[in-house]
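**Q** For the sequence shown, this note's numbering assigns the number 33 to the initial residue and increments by one for each residue that follows.
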Amino acid sequence: RWAEALREISGRLEEMPAEEGFPAYLATRLAEFYERAGRFEPFAGGDGSVSIIGAVSPPGGDFSEPVTQHTKRFVRSFWALDKELASARFFPAINAMDSYSEYHEFVEEWWSEETGENLKDLKTRAMHYLREDDRLQKIVQLIGEESLPDEQRMTVIAAKLIKEGFLQQNAFDPIDTYAMPRKQLKMLKAILRLCDMGRIAVSKGIPVYRIQELDSFRRLQRIKSEISNDEAEKIDDLYHGLEQEMNRVFPIEDWESEALGESRGEEDRRDWQQAEELMEGHTRDELYDMAQDRDIEGRSSMT
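#1: Alpha carbon to alpha carbon, what distance is there between Ala-56 and Ala-50?
#2: Using DSSP with H/G/I as helix, E/B as strand and the rest coil, what is Pro-124?
#3: Quick one: what's Pro-49 bridged to in DSSP?
#4: If contacts are defined as beta-carbon pairs under 8 Å, then Met-212 and Ile-255 qualify, I think. What distance do you get, rounded to the angstrom?
#5: Excluding sequence positions up to five away, which residues of its chain have a Cβ less than 8 Å from the Cβ of Tyr-135?
#6: Apart from the five residues on each side of it in sequence, which residues of its chain come closer than 8 Å, Cβ to Cβ, to Ala-222?
#7: So Ala-120 and Tyr-161 are in contact, right, with Cβ under 8 Å, and what is the actual spacing, rounded?
#8: On a CA-only basis, which of Leu-246, Arg-33, Gly-93 is nearest Phe-282? Give me that one, please.
#9: Taking the alpha-carbon of Glu-263 as reference, which of Ile-243, Arg-231, Arg-105, Asp-208 has the nearest alpha-carbon?
#10: Would Arg-231 pass as an interface residue toward chain B - the criterion being a Cβ-Cβ separation below 7 Å?
#11: Taking buried to mean at least 16 other C-beta atoms within 10 Å of its own C-beta, is Asp-228 buried or exposed?
#12: Is Phe-249 buried or exposed, if buried means 16 or more other CB atoms sit within 10 Å of its CB?
#13: Roughly how many whole angstroms lie between the Cα atoms of Glu-46 and Ala-118?
#14: Using only CA atoms, which one of Ile-171, Asn-261, Leu-226, Gln-244 lies nearest to Gln-276?
#15: Is the beta carbon of Val-234 less than 7 Å from the beta carbon of Glu-183?
#16: Under three-state DSSP, which class holds Gly-86?
#17: How is the beta strand (DSSP E) around Phe-204 delimited, first residue to last?
#18: Near Leu-224, which residues of its chain fall below 6 Å by C-beta distance, leaving aside the five closest residues on each side in sequence?
#19: Expressed to the nearest angstrom, what Euclidean distance is found between the alpha-carbon atoms of Phe-122 and Met-186?
#20: For Phe-106, which residues from the same chain have a beta carbon less than 7 Å from its beta carbon, with the 5 sequence-adjacent residues on both sides left out?
#21: Given this structure, state the Cα-to-Cα distance separating Gln-201 from Met-48, to the nearest angstrom.
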């Protein structure tokens with residue numbers, strides 16, 4: 033609304049319009065607004081900070097319009113609200129695939145000290161399941177989840193457990209309304225442990241439905257509403273109980289789940305490193321042209 037008001041005032045002043053009728057100084061005004069955020073030293077002494085969370089509502093959800101594009105230039109974190117998630121009563125309706133943050137390197141040390149967990153590794157493993165699920169959903173919509181091979185079904189089930197057991201939050205639940213960092217990462221660690229062990233079990237010939245019948249699986253679906261912030265240590269008990277139940281129910285001697293998680297994390301980290309090396313020294317327009325050329329080459333090779 034602020035940008036629309038700026039466009040209207042600019043039009044009344046008969047200023048030269050730029051893209052989509054916005055004034056040419058739109059980017060400058062946005063930069064002046066966002067540069068107010070950050071740490072500072074008050075005149076009264078001590079330290080303080082100002083955080084700015086801007087809400088941009090592009091018409092028709094078009095992220096290519098000027099206000100959204102300029103805003104993304106000046107901020108290093110982006111939460112993409114998804115109308116489909118909101119319609120499905122999934123809150124907060126944040127699309128994990130389109131959202132991102134560039135502050136990981138600044139906050140990882142604090143999260144590790146505060147929680148005792150490896151934030152980067154847990155995030156990498158969780159995003160692996162979500163990306164695989166996003167790719168498989170196109171197939172699921174055509175043939176249904178039941179028609180998928182068991183290994184792919186386990187990936188879809190694992191991603192669903194991450195979404196509903198960790199990402200989804202009930203603001204009306206007295207326990208789930210607020211989740212401290214320590215509880216968050218312990219929850220995610222336990223969920224990922226089940227996902228990793230489940231994939232290994234399926235690869236050894238265990239049917240998917242038997243994993244869904246586990247008591248630990250059902251408990252992980254309810255853990256966010258049953259264990260409060262003050263009782264986060266109980267999640268460790270659930271974590272160890274999960275391992276014991278999997279070892280008791282399924283006759284598998286060597287799970288190798290930790291090695292599986294590490295190799296997956298290393299693979300994704302290599303992908304990120306290669307992407308960063310590719311982007312270094314190129315402008316956004318040059319990267320777009322390179323992507324278009326690769327897409328054309330890929331289609332030519334397929335034909």
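We put the beta carbon where it would ideally sit given N, CA and C, even for glycine.
**A** Working from what's here:
#1: As a position in the sequence shown, residue 50 is number 18, starting the count at 1. As a position in the sequence shown, residue 56 is number 24, starting the count at 1. Cα-Cα distance, rounded: 5 Å.
#2: The count along the sequence shown starts at 1 and reaches residue 124 at position 92. Looking at Pro-124 - three-state DSSP - the assignment turns out to be coil, as it is neither helix nor strand.
#3: As a position in the sequence shown, residue 49 is number 17, starting the count at 1. DSSP output for Pro-49 lists Pro-55 as bridge partner(s).
#4: Residue numbering aside, residue 212 sits at position 180 when the sequence shown is read from its first letter. Residue numbering aside, residue 255 sits at position 223 when the sequence shown is read from its first letter. Met-212 to Ile-255, Cβ: 14 Å. No contact.
#5: Translated into positions along the sequence shown, residue 135 becomes position 103. The residues are Arg-108, Ser-109.
#6: Walking along the sequence shown from the start, residue 222 turns up at place 190. Here the set comprises Leu-252, Ile-255, Ile-267, Leu-270, Tyr-271, Leu-274.
#7: Counted from its first residue, the sequence shown places residue 120 at position 88. Counted from its first residue, the sequence shown places residue 161 at position 129. No, Ala-120 and Tyr-161 are not in contact; Cβ-Cβ is about 19 Å, not under 8 Å.
#8: Walking along the sequence shown from the start, residue 282 turns up at place 250. Taking only the C-alpha atoms, the option nearest Phe-282 is Leu-246.
#9: For this step, residue 263 is matched to residue 231 along the sequence shown. The option with the nearest alpha carbon to Glu-263 is Asp-208.
#10: Absent from the structure: chain B. Only one protein chain is present.
#11: Numbered from 1 along the sequence shown, position 196 holds the residue referred to as residue 228. Asp-228 comes out buried.
#12: On the sequence shown, position 217 is the one that residue 249 refers to. Burial call: buried.
#13: The sequence position of residue 46 within the sequence shown is 14, counting from 1. The sequence position of residue 118 within the sequence shown is 86, counting from 1. Cα to Cα, the separation comes out at about 40 Å.
#14: As a working note, residue 276 is residue 244 in the sequence shown. Comparing Cα positions, the closest option is Leu-226.
#15: Within the sequence shown, numbered from 1, the residue matching residue 234 stands at position 202. Within the sequence shown, numbered from 1, the residue matching residue 183 stands at position 151. For Val-234 and Glu-183, yes; Cβs fall inside 7 Å.
#16: In the sequence shown, the residue the question calls residue 86 occupies position 54. In this structure, Gly-86 counts as coil in the three-state DSSP scheme.
#17: Residue mapping note: residue 204 aligns to position 172 of the sequence shown, counting from 1. From DSSP, Phe-204 is part of no beta strand (DSSP E); its letter is neither H nor E.
#18: As a working mapping, residue 224 is identified with position 192 in the sequence shown. Excluding sequence neighbours, Leu-224 sits near Arg-157.
#19: The residue given as residue 122 occupies position 90 in the sequence shown. The residue given as residue 186 occupies position 154 in the sequence shown. Those two C-alpha atoms are separated by around 21 Å.
#20: As a first step, residue 106 is located in the sequence shown; it is residue number 74 there, counting from the start. Same-chain partners within the cutoff: Leu-62, Ala-63, Tyr-66.
#21: The residue labelled residue 201 in the question sits at position 169 within the sequence shown. The residue labelled residue 48 in the question sits at position 16 within the sequence shown. Straight-line Cα distance between these residues: approximately 46 Å.
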